Structures are given as structure tokens and as C-alpha cells.
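The sequence shown runs -2 to 141 under the numbering used here.
Glycine included, every Cβ here is placed at the ideal spot set by N, Cα and C.
Since the structure is predicted, the reported quantities are computational estimates derived from the model, not experimental observations.
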Amino acid sequence: MKHLLYFLTVLTLLTGCNGDITAPVEITLDRDNCERCRMVISDKHFAAQVRGGPKKKAYLFDDMGCAVHWLKKQAWGEDETTKIWVTDYRNGRWLDARKAYYVSGQITPMDFGLGAVAEQVEGSMDFEAAKAVLLAKKHKHHKP
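Here it is as C-alpha cells:
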């Protein structure tokens, strides 16, 4: 009986460590680094993250532009099971990047200039249009 209780306790702890792979992970500002540019993520209003690949790992980014450029180089980047989240630049809440809208003219960490919003607003663009804009831009510190 004692061994069974021990086994169940360990099993519970291990399953609790898996986390929810359908939700974004919490970013520790000024601690976590952008997967692409390695800069510290310090502004929650422009953060992004991707969960994908064979292990469904979460990758963190300081700017949506970094996420889009990095994702383009991943073999699984276009896989429909790949999750992409961005934060609403007005309140820092996580949004499904494919359902969000994007507005230009923002001052973002890597100067890509797009901020995400939950609802369509005047002058906003959808994910595919935003992705095209971001892929056309290259930050001066990155190679193409």
C-alpha cells in the first residue's frame, strides 16, 4: 500500500509538470530571451510565442517580426497544429496570432512596427497580410 501511494504521488507530480500545450506559457520579463535575436524580452505588449515542432515546445520572442522570420525557417512552421500567440499591444493579453489584427506605426522592440489587437480596427490587417509585411522587413541587426 505504501508503494502504491508513493507511485501515485510521483505520477501526479509528473503529469502536473507537462502543462497545457494548447495555451501560451508565462513569460518572465527581463529574464526570458527571444529565440531569434537573443535579446531579453522586456515589453509584454509586443511579445509573441510559438508552440510547435515534434516536441510541441514553446519558443518565446520579443517582437512578432522575430517570430515570423524564425518560424519561416522551421520545417514545421506552416503546420496547422503549430500554435502562434501575440500579445495585444494595448493590454498585454495573449491572442491567437492567426485571429488577431495588426496595426502599423507602433514602436516595437525590434522595430518591425506592428502591434496586435483583438478586433478589427480602421487600418488594421489580418495575419497573412501582417506576415507579408513582416517578412518584407528585416531588422538591421539580422541577416536575411
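For A127, the closest alpha carbon among the candidates Q71, G62, T79 is that of G62. According to DSSP, residue pairing for L57 in a beta bridge involves Q46. Within the DSSP bridge table, the entry for A113 names D85, Y99 as partners.
Excluding five sequence positions before and after G120, the CB atoms of its chain that fall closer than 7 Å to its own CB belong to V100, given in chain order. Scanning its chain for C-beta atoms nearer than 8 Å, with the 5 sequence neighbours on each side dropped, one finds around L132 the residues V65, H66, K69, in chain order. Residue D59 holds the alpha-carbon nearest to the alpha-carbon of I38 among R95, K53, N88, D59.
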